[in-house]
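Scroll down for the structure; my scribbles are underneath it.
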Amino acid sequence: MSNRTQVSHEILRYLLRHPDAQDTLKGISEWWLLEERLIQKYTEVEEALVKLVSRGFVLAKRTPESGTLYCLNKGKANVIKKIIEGSNNFD
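Each residue of the sequence shown is one higher than the last, beginning at 1159 in the numbering used here.
Quick look at the structure:
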């Protein structure tokens, strides 16, 4: 998908969620697209965390106050370093 098509889809998704919205070019660029990208990024982060927790690299701690907190599994730090350095395959 081209960048122009992607931006067009983001604008249309925003308008579907906010059918009465109207703004200037600057407002759309700064606010609408930012919201769309934050929503997309949230989903990507959520999917990445599910994968990292399932692999044991990240621990999920459920708390009544804050919901789920995520942190490094320190026991896997050496393996994680190798993955980040590219000497070990993540997938």
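Quick reminder that beta carbons are idealized off the backbone N, C-alpha and C, glycines included.
None of these values were measured; they are calculated from a predicted model.
In the three-state scheme derived from DSSP, where H, G and I count as helix and E and B as strand, Thr1226 is classed as strand. Annotation: Lys1219 to Gln1198 spans about 24 Å, alpha carbon to alpha carbon. Counting along the chain, the unbroken alpha helix (DSSP H) around Ala1235 starts and ends at Ala1235 to Glu1243. The alpha-carbon separation between Ala1235 and Thr1226 amounts to approximately 21 Å. For the options Lys1240, Val1208 and Asp1181, the alpha carbon positioned closest to that of Cys1229 is the one of Val1208. Under the criterion of beta carbons closer than 8 Å, Leu1210 and Val1203 do not qualify as touching, at roughly 10 Å.
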